[in-house]
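Residue numbers for the sequence shown follow this note's numbering, beginning at 1125 and rising by one.
Taking it in order: structure first as structure tokens, then the write-up.
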Amino acid sequence: MNILTGDIGGTHTRLATVEQGAGRFRVVDIARYASPDFDGLLPIIESFLHDHPQVQLQQAAFGVAGPVVNGRCRTTNLPWELSASELSTALGIPHVHLLNDLEALAWGIDTLDDSSLVTLQAGHASNQGNQAVIAAGTGLGQAGLTFDGAQRRPFACEGGHTDFAAQTQRDTGLLQALQSRYGHVSWERTVSGAGLVELFRYLLDSQAATTPGWLDDPQQDTAAAISQRALAGDDALCAEALAWFVELYAREAGNLALKLNATGGIFLGGGIAPRILPALKKNYFLQAFMDKGRMQPLLEAMPVKVICEQHTALYGLARYTGLAKAAT
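Here is the structure:
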């Protein structure tokens, strides 16, 4: 049976039907929508069903960027309020599951094979150890998987909104600049697409460099433009910003790995990590990841992998739905 799944982000929403066969998941129909163009999830679903009349809706699960409490979510980077029960009623199906988007990603990890992952550090995984997932994109999502004695159970958290911790004089300057504009400064303010832009603008200001004409082009993805120029070696300041971004990403990944004691491994997901793999493979990522004083040996033993399968969250939602149905 096909399951309608959706990965709901602040920038884009992907809806897809997923089917399972021979122990593997496969996307059947998929479409992508600009989230800000809609006033909620239901109009997107209705558009998808209109364009895919062959879909016979029986089960649905959606991963959404924001905290989900009692089947409801006020999205973090969109002015939406979502309710699993209201969606169930509107769609005329008995069960709609609403999960945090990183929890959905975590449910998808066990659907992946080695070809879907890039190893940054092999480590020595504990078969019964906890795992962690961190994903920079429009925001900074985090989740964990805890071993319950039989299998790993994903759980959501909002760790990306914890306080940003400056480690260097440059970090402190950035923190002060962001505090003057935003007040509270979270890790998401620095380790996200918007965060990369903030780093680049700070470097421009602190070095009194000329602002490039392309920076304020409304037709482009500014974070992508910075990373592309950095990886191509076309712009030294872009390269500096990306290297700084990678360092901060690694530091917060190390923080999460320690908080969850992720001896089973930590996974980098989201839209940014696969696009900046050459930078993540440089030594400064692992150096920053393991820069935790007496805890360095623990981090050295943790596998660190990048998720390169773009449908992982959709597979995770389908897997979760299947397990929930089997439990009823």
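Even for Gly, the Cβ is constructed at its ideal location relative to N, Cα and C.
Values in this document were obtained by computation on a predicted structure and should not be read as measured data.
| query | result |
| --- | --- |
| Of the listed residues LYS1405, LEU1165 and GLU1282, nearest to THR1137 (C-alpha basis) | LEU1165 |
| Assumed close pair GLU1378, PHE1413 - CB separation to whole angstroms, cut-off 8 Å | Reading off the sequence shown, one finds Gly at residue 1378, where the question assumed Glu. Yes, GLY1378 and PHE1413 are in contact; Cβ-Cβ is about 4 Å, under 8 Å. |
| C-beta contact flag for TYR1408 and TRP1231 at 8 Å | no |
| Cβ-based neighbour list, LEU1211, same chain, cut-off 6 Å, excluding 5 preceding and 5 following | VAL1220 |
| Cβ-Cβ distance between ALA1386 and GLY1253 below 8 Å | yes |
| Per-residue DSSP class, three states only, for GLN1293 | helix |
| Proximity below 8 Å, CB of ALA1256 to CB of ALA1425 | no |
| When THR1334, PHE1324, GLU1433 and ARG1399 are compared against ALA1301, the one with the closest alpha-carbon | PHE1324 |
| Extent of the continuous beta strand (DSSP E) run through ASN1194 | Taken as a continuous stretch (DSSP letters only), ASN1194 belongs to no beta strand (DSSP E), as it is neither H nor E. |
| Whether GLY1265 touches LEU1226 by CB criterion (8 Å) | yes |
| Three-state class that DSSP yields for ASN1379 in the structure shown | helix |
| Range of the contiguous beta strand (DSSP E) that encloses ASP1345 | Where ASP1345 is concerned, there is no enclosing beta strand (DSSP E), given that its DSSP letter is neither H nor E. |
| Buried versus exposed call for TRP1204 [16 or more other C-beta atoms within 10 Å across all chains shown] | buried |
| PHE1391 versus LYS1416 - alpha carbon distance | 18 Å |
| Inter-stretch contact at 8 Å, needing at least 3 Cβ pairs: the segment 1233 to 1240 / the segment 1421 to 1435 | yes |
| Close beta carbons around ALA1365, own chain, < 8 Å, minus the five adjacent residues each side | LEU1320, LEU1323, PHE1324, LEU1327, ILE1350 and ALA1354 |
| Extent of the continuous beta strand (DSSP E) to which ASN1224 belongs | 1220 to 1224 |
| Alpha carbon of GLN1183 to alpha carbon of TYR1306, nearest angstrom | 41 Å |
| Nonlocal neighbours in the same chain, by C-beta distance under 6 Å from LEU1441, ignoring five residues either side | THR1129, ALA1185, GLY1187 and ALA1228 |
| Buried/exposed call for GLY1498, threshold 16 Cβ in 10 Å | Only positions 1125 to 1452 of the chain appear in the structure, and residue 1498 is not among them; the question remains open. |
| 7 Å CB neighbourhood of ALA1158 in its chain, flanking five on each side removed | HIS1136 |
| GLN1245 and VAL1370 closer than 8 Å at C-beta | no |
| Cβ-Cβ distance between GLY1395 and GLY1261 below 8 Å | yes |
| Buried or exposed by the 16-neighbour rule on C-beta atoms within 10 Å, applied to SER1330 | exposed |
| Three-state class that DSSP yields for HIS1285 in the structure shown | helix |
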